[in-house]
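So the sequence shown is numbered by our numbering: it starts at 66 and just counts up by one. Written out below as structure tokens is the structure these notes cover.
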Amino acid sequence: MNIGFDLDKVFIDTPPFIPKSFIDKLYKKRDNGVLLYRIPGPIGQVVRKITHLYIFRPQIKENIDFLHVFPKDKNNLYLISGRFKFLENKTKKIIEKYHFTEIFDDMYFNFANEQPHFFKNRIIKKLKLDCFIDDDLSLLNYIARNNPKIKFFWLTNHSGKAPRLPNIHAISKLPETLNQSIA
């Protein structure tokens, strides 16, 4: 089974005391219902670089530990992050600090500054993933619409929003899918 994972809020936590809504405002906007991400301006980039120091981005240990016991003989694990180029150095330090090269078969980063949903959609198709895990429901709705045979798992449901497509599942359904592939 080919399985893809996002990085932030899946394996790397958000900075403490900074609301998710504030982080989203730095990157994401909706214009007439179209999903758009933007690279922050110079001040926003400085703020983001500071908040992306690994001391402010602790690992989500239970998720990383899960991958260490995951049967790798039957599965390929991929990290697919929409992080922009201005975070490349911070991202490389986090990857090194948490030993992600030992966990994933390959890693893909959006250092060419594509729209993150276009980037992830392209990589997901290239890798022929069976499932993908992300925390961004707007992004998942876009990608799932373009990939109806792939199972997508939404990590967070704090917003009260519901997925709009039948191939987006709650993260609680992931073990069931994985058990089917292992059996």
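From the three backbone atoms N, C-alpha and C, an ideal C-beta is built for every residue, glycine too.
Distance between residue j and residue i (C-alpha atoms, nearest Å)
i	j	result
Asn206	Leu72	18 Å
Lys191	Ile208	13 Å
Ser146	Tyr173	6 Å
Glu179	Ile189	14 Å
Lys137	Leu239	16 Å
Ile236	Lys155	28 Å
Ser203	Leu142	23 Å
Lys126	Asn232	27 Å
Val111	Phe131	33 Å
Met66	Phe121	33 Å
Proximity below 7 Å, CB of residue i to CB of residue j
i	j	result
Gly69	Leu194	yes
Phe197	Phe169	no
Phe76	Asn128	yes
Thr116	Pro80	yes
Asn211	Asn244	no
Asp78	Pro123	yes
Buried/exposed call for residue i, threshold 16 Cβ in 10 Å
i	result
Leu101	exposed
Asp201	buried
Asp199	buried
Pro181	buried
Arg103	exposed
Beta-carbon contacts of residue i that lie in its chain and below 6 Å, excluding the five residues immediately before and after
i	result
Arg229	Asn206
Lys74	Asp200
Thr221	Asp200
Asp171	Tyr143
Contacts around residue i, its chain only, beta-carbon distance under 7 Å, and the 5 residues preceding and following it disregarded
i	result
Tyr119	Lys158, Ile159 and Lys162
Phe176	Lys150 and Glu153
Phe184	Gly147 and Asn175
Pro213	Asn232
8 Å CB neighbourhood of residue i in its chain, flanking five on each side removed
i	result
His234	Lys216, Phe217, Phe218, Trp219, Pro228 and Thr242
Arg113	Leu91, Pro105, Phe151 and Leu152
Thr166	Ile160 and Met172
Taking the runs of the beta strand (DSSP E) that are 3 residues or longer, which of them lie wholly in the region 132 to 208? Runs found: 141 to 146, 171 to 174 and 196 to 199.
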